[in-house]
Each structure stands twice: as C-alpha cells, then as structure tokens.
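Remarks on the structure that follows.
Residue numbers (my numbering), protein chains in the order written: chain A, 1 to 325; chain B, 1 to 325.
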C-alpha cells in the first residue's frame, strides 16, 4: 500500500457532506476583463467569502467534527499565522468546544481580533525565534487538549479539497486549476478532488518568490527547508512543505509558479477595482500569476481558488499605495 | 387609466428576458455577522459584481436593445455622473452602436476611464453650473443621436427592476427590501418587481442626508427641489426626483431612511473587512442604514441591493481613513 495516497476523492466527498449547511458554498465569479487579459476563460472560486474569510474553515470544521464528545469537552489547541486560528476557533465554538491558539506576535491585528472574537484563548510567540509546533504540542499535552494542525492532517486536507470539488461540480470541465501554496494543505486537497474528478487537469500551485519551498522541494524530489520567508503573503510564509501534504503534492501537483510581492500588490488592486473583491496577499497569488503572465500555455478553461480576504483596510491601502503602475 | 403605473411586473419580466446571458445574474451574499448586527436575516444582492460594476447595465441594455437598426446606426447620447455612462457605453458597444456621454468634470477618474474604455466619446460639464439634460438634448438634436436618460424612461426602470426580480426568485419570501435612491430609477423598478411578486413587502429607500429630495418629495406629495447635494455618495447627488420615477415611487415606496456620510464610510469599511466586497458610497447606503440602526421594526427576512462598486482604491482608502470608530 505504499502507493496509496493518504487522502482520496471519497474522503473529500465525505468532508463535503459534513460541512454542508455549516460552511458557505462560495460563489464562482467570472470577469470578461480578466478573461481578455489572461487569454482564457477563468472561473474564480471565492473563498474570501467563506466563513472566517478564508478556505480554512472547511478543513478545521471537518477535523473538529470528528472528535469524540470527551475530546470536545477537554478542548482544542492549534497554531496558525491567522486564518486557521479563526477557523479552529469558530469550528470549536460551533461544535460546543473551546480552543487555545498559538499565534505569531506579528499576525495581522484583524486576524487576532477575529480569533478572540470567536471565543478562543490566544497564546503569542515570536515567529522568527519560536517553534510554534513545539509550543502547540506542549500546550496540548499540558492541558489535555486535542491538537488540530493547520495542514498536516488527512481531515484537514480532505476538508480543504471541498473548495475544488464545489468549483468543478459547478463549472464542470476545467483544463487547469491554480491554487495558492502555503503549507500545502489547500492544494493537496484540491488536487485530490480535481484529479479524482478530471484526471487530465493540470494542477498548478502558486508561491511567493521568497517562499518557494514547495517549488524547490518538487524539483529536488524531497522536502527542502528555506530561510524564513519575508513576504507580504503572510499565509504563504512556510519554510518547508508539510510531510503529509508533500507526499500528496509530489504526486498530484504538476507545476509551481512564483510571483513577486509587487505582482501580489498589483493583483490585489486589480481585484479591488475591477472585480470589487477584497483578497489578502496570499489569496491573490494565482491571480497575480495570471495577470503577470507567469503561467505559459494555459488551456481554455481555468479554475482559480482565491483562498482568503482577511486584511485590514489600512494595511490594504498601504500595500496598494506601493503597487507599481 | 390615470391609475395605471407606467411600468409593470410584466415589463420587468420582459426586460429580464432581454438581458439574459448579457448581464450577469449577480450572486446573493449572506453574512452571519451582519444578521447578528441587524437583528434580522439579510440577503445582499451584489450589483457591484454586475457588468460595468453597477446595476445600471440592466436598464441601459434593456433600453438600447429596443432601438431600431437606424437609431443604432446613428448612435446614442446620454448624461451621467458615472455608472450610467459606462452602462450606456457598453450597451452601445455590445449592440453595435456608438455613444456620446455628457459627464461632470469632477466624476471619479475610474468612471471616466472605464467609459472611454468602452469606446464612448466623453463631453464634460461643470455639475455646479451646467445643465446636463439640456447639454445632452442639444447634443442629441445636433448629431441625430437617440438620448438614453439615466432613469426617466420606462425601459430603464423596467431593466433596473430585474435586480429585485432575480433576488426574490432566488430567496423567495422577503419582508422588506432596502434600495439606494438617487434619481429613483433603481427603486422604481425594484418596487415594481417586489410589490408585484410579494404584495406585502415593505420597500424602503435610502438617501444621503444631504440628498434627501425623495424623502422630502414623498412627505410633500409632490416633487421638491433641494440645493445641489454635497455628499460622498456621488451616485445619489440628485436635486429633484425624476417625474416618471416619482410617479412610481410615490405609490410603491413605503419609506425613506437617511444616512450620513460618516455612516457610509463606516459601512464601506465594514463591507471591506467583514464581507470582503468593495462598495462605492452610494451603493453602501442601505448597509449604512442597517448598521447605524436607522430602520426600526425590521421584519425577519430583508433584501438589500448593493447597487455598485466603482471606486478607485486610493479614493476608497481616503474615505475609510476618515471613518469614525
């Protein structure tokens, strides 16, 4: 069974049944202007409209919903740069549990406030010196909590895959799917769903240039660690792909495109002015890759996951003011 | 027949058939946070995602599509503070005609650029001293163009009503419908559709405090002219209700709520940060009324038309920086 993948299309279908009526079935937007610029028809799955403002709620709810009543009563622990924090906090609240979240001190204000707003306790650490996994594990052991990691878990991966499942159910045939890559959970789940439904589809991940750990790892055939990325894409600042997510992505992801922080700024402004939607830097990476022409030979119908929209209006304005052009 | 309304539900259905496949069927968003704040379930019809970024394309396309081949060959004239300009320009292009648009000198840059981008010729005037109707009519007479006014036309009103028609077809029963009021065309069409489908529905218009011409007119029982409004809601800066639109609205609109420019700023920022959508000041007026508690005794299910999202990122940042709270 060494060839079996840790997550299957059935697992994604199963997750879809669990999140139904709890997570939003997010809309798919189209833009004729985008089609003209990209030279192909683009279908934009808007996970920025998901509950908590990002796809993360899908996986968190799927994972938390499988805990026993005893586990739920003791509570949940997690660590996250932001969106998984909110997702776990909300999933815990929805399922009658409590959550303690380890967050970097410099996480965006709106993400910390929203996490606290869902009733979670926040423990902060310095993301340039601390080890969030160790802190989370110690906390879980000490207090008897169940740890819900941000991507290294089959239920998380299967839950995130429901975004692609819904997109393909709605728009049917797609020649390619563009997905932001951070820890690799979203693309692992989406690739599982996409290749399960449409075996010929190209799955293309997008990373920031400074955070190209998955691109390097795919090229090397093994997980490669890079220096802590300094990029405006705070959700994509991973140093190394997850072990579990990489075991999926090395088999299902066809290619990785890279974008600069300036590409992200331009894409965020473009989405604001032309599509009227708010995308956080990480979530804008596939759009940035399209608009900057970083992906050659696009097929006629392309799906794109806009993964989240959690950004303060002030921070957005600051970033857009620096956008070239 | 003095009691007959100039636009009927059948006219709205007829417009819906004409715009089908050309205009977007825009999504209806929901937000649990908004429901909690408003104390009712809110259904948000997102006309900011409509083609040209606002509902205006519905009416313009409906009107232009009824011109004769000779009229289309001679071309179209119109006047508009912005969104109707883009809508007419695009409708003309889609139907193989040309457009000349009279726009105020101080119209937002993005609206002027977009209008020119659709191939229209722009003629500017000073909105504090010039008379756009007279300029538009003179231009039309001189060049043999057909004038497509922004709201004083049954085909425009019927077209705008398709926004409410789609909303009610999708979410069924609604106790109230909140609609921005500028010249009165959107609410006249939406009230026609809404009361035709759901006779018991309350139709509530929302105007900026400085531009309360429709509220005053409804109270007086006749059209009242006010000084040129100075408000950030550039799409709602009407001095007097339209004659045709007022003849509908005095019979179908139940009430008008007023919002301040600060209410609009708060609502725009809130929609950005919590709903991840971009709303221009005029389009945010119903949301502003809800968030500021300006509408008492809301029924359980409330529809809301977000009428447009055409605003530069820089101007948006400027307005939000001034938002209180």
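Glycine is no exception: its CB is placed at the ideal position from the N, C-alpha and C atoms.
Just so you know, these numbers come straight off a predicted model, no measurement behind them.
Would you say residue i lies against chain B (beta-carbon separation less than 9 Å)?
i                      : result
residue 1 of chain A   : At residue 1 of chain A the pLDDT is 44, less than 50, meaning the model places this residue with poor confidence; the figure from the coordinates comes in the next sentence. With 9 Å as the cut-off, residue 1 of chain A does not count as an interface residue toward chain B.
residue 16 of chain A  : no
residue 324 of chain A : no
residue 275 of chain A : yes
residue 10 of chain A  : no
residue 190 of chain A : no
residue 321 of chain A : yes
residue 301 of chain A : no
residue 261 of chain A : no
Which chain B residues are close to residue i, counting only those with a beta carbon under 8 Å from its beta carbon?
i                     : result
residue 21 of chain A : Result: empty, since nearest Cβ-Cβ is about 13 Å, beyond 8 Å.
Is there a C-beta anywhere in chain A that falls below 9 Å from the one on residue i?
i                      : result
residue 110 of chain B : yes
residue 304 of chain B : no
residue 24 of chain B  : yes
residue 49 of chain B  : yes
residue 317 of chain B : yes
residue 29 of chain B  : yes
residue 32 of chain B  : yes
residue 309 of chain B : yes
residue 151 of chain B : no
Taking C-beta to C-beta, are residue i and residue j nearer than 9 Å?
i                      : j                      : result
residue 308 of chain B : residue 283 of chain B : yes
residue 124 of chain B : residue 107 of chain B : yes
residue 206 of chain B : residue 179 of chain B : yes
residue 257 of chain A : residue 230 of chain A : no
residue 204 of chain B : residue 226 of chain B : no
residue 181 of chain B : residue 5 of chain B   : no
residue 141 of chain B : residue 55 of chain B  : no
residue 74 of chain B  : residue 146 of chain B : yes
residue 166 of chain B : residue 16 of chain B  : yes
residue 79 of chain A  : residue 156 of chain A : no
residue 290 of chain B : residue 38 of chain B  : yes
residue 281 of chain B : residue 244 of chain B : no
In the DSSP assignment, what are the bridge partners of residue i?
i                      : result
residue 292 of chain A : According to DSSP, which records beta bridges pairwise, residue 292 of chain A is partnered with nothing at all.
residue 320 of chain A : None, per the DSSP bridge assignment.
residue 179 of chain A : A:205
residue 99 of chain B  : B:76
residue 54 of chain A  : A:308
residue 28 of chain A  : A:45
residue 104 of chain A : A:125
Give the interface partners of residue i over in chain B, defined as CB-CB distance under 9 Å, in chain order.
i                      : result
residue 287 of chain A : Those within 9 Å of residue 287 of chain A in chain B number zero; the least Cβ separation is about 14 Å.
residue 269 of chain A : 313
Quick one: which chain B residues come within Cβ less than 7 Å of residue i?
i                      : result
residue 272 of chain A : 278, 313
Taking C-beta pairs closer than 7 Å, name the residues in chain A that residue i reaches, listed in chain order.
i                      : result
residue 165 of chain B : Chain A residues near residue 165 of chain B: none, gap ~19 Å exceeds 7 Å.
residue 53 of chain B  : 276
Looking at the secondary structure, which residues open and close the beta strand (DSSP E) in which residue i lies?
i                      : result
residue 124 of chain B : 121-125
residue 247 of chain B : Run containing residue 247 of chain B: none in the beta strand (DSSP E); it sits in the alpha helix (DSSP H), 243-252.
residue 238 of chain A : Looking at the DSSP string, residue 238 of chain A is not in any beta strand (DSSP E), and its letter there is neither H nor E.
residue 78 of chain B  : 76-79
residue 42 of chain A  : 41-46
residue 255 of chain A : 255-259
So with CB distances below 8 Å, who are the chain A contacts of residue i?
i                     : result
residue 75 of chain B : What residue 75 of chain B touches in chain A: nothing, since even the nearest Cβ is about 23 Å away.
How is the alpha helix (DSSP H) around residue i delimited, first residue to last?
i                      : result
residue 210 of chain B : Where residue 210 of chain B is concerned, there is no enclosing alpha helix (DSSP H), given that its DSSP letter is neither H nor E.
residue 303 of chain B : Per DSSP, residue 303 of chain B belongs to no alpha helix (DSSP H); it is in the beta strand (DSSP E), 301-306.
residue 312 of chain A : Counting along the chain, residue 312 of chain A falls outside any alpha helix (DSSP H), and DSSP gives it neither H nor E.
residue 155 of chain A : 154-171
residue 37 of chain A  : 32-38
residue 86 of chain A  : 83-94
residue 111 of chain B : 109-117
residue 133 of chain B : 132-143
residue 185 of chain A : 185-197
Less than 8 Å separating the Cβ of residue i from some heavy atom of the ligand GDP?
i                      : result
residue 234 of chain B : The ligand GDP is absent from the structure shown, which contains no ligand whatsoever.
Measuring only between beta-carbons, confirm whether residue i sits less than 9 Å from chain E.
i                      : result
residue 311 of chain B : No chain E is part of this structure, whose protein chains are labelled A and B.
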